[in-house]
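In this note's numbering, the protein residues as written are 39 to 154.
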């Protein structure tokens with residue numbers, strides 16, 4: 039079992055920045071990848087960024103020039119740095135982890151609201 043605890047959401051003006059953190063605990067040795075998804079009102083949940091065990095990353099095209107994902111192995115924390123935020127980035131952001139058995143774990147979600 040893996041537990042994910044998120045922090046860092048909030049309200050920010052357009053053009054501002056936010057930093058989301060997700061700390062994993064439990065059976066973390068089997069984690070293959072960790073990432074962030076978001077779900078806006080009336081839309082499907084979508085992948086924002088993922089970082090894999092070996093350190094490779096994938097970031098959604100619509101945000102790749104504004105968001106970065108990184109990992110701190112010492113604290114089992116994945117960070118999503120979001121810069122130049124736009125109103126269309128408003129969503130609930132969820133941390134997700136996948137283990138080597140393809141089991142998925144989700145955080146509780148954190149609200150990001152970008153005002154115009």
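Cβ atoms here follow ideal geometry from the backbone N, Cα and C, with glycine treated the same way.
CB contact flag (residue i, residue j, <9 Å)
i	j	result
residue 74	residue 131	yes
residue 76	residue 150	yes
residue 56	residue 120	yes
residue 71	residue 136	yes
Range covered by the beta strand (DSSP E) that runs through residue i
i	result
residue 95	95-97
residue 39	Unbroken run through residue 39: none, as it is neither H nor E.
residue 100	It is not in any beta strand (DSSP E) - residue 100 carries neither H nor E in the DSSP assignment.
residue 143	142-144
residue 153	148-153
residue 127	Element bounds for residue 127: n/a, residue is neither H nor E.
residue 110	105-110
residue 115	115-120
C-beta neighbour in chain B for residue i, strict 9 Å
i	result
residue 66	The chain inventory of the structure shown lacks chain B, comprising one protein chain alone.
Residue i versus residue j: straight-line alpha-carbon distance, rounded
i	j	result
residue 118	residue 147	13 Å
residue 125	residue 114	30 Å
residue 145	residue 139	19 Å
residue 52	residue 101	14 Å
residue 44	residue 58	7 Å
residue 154	residue 134	28 Å
residue 106	residue 40	23 Å
residue 104	residue 128	14 Å
residue 112	residue 98	26 Å
residue 48	residue 68	31 Å
residue 94	residue 141	20 Å
_Would you call the region 79-90 in contact with the region 60-68, where contact means no fewer than 3 C-beta pairs closer than 8 Å?_
no
*Taking only runs of the beta strand (DSSP E) that begin and end inside the region 49-92, which ones reach a length of at least 3 residues, in chain order?*
Whole beta strand (DSSP E) segments, 3+ residues: 56-64, 69-77, 84-90.
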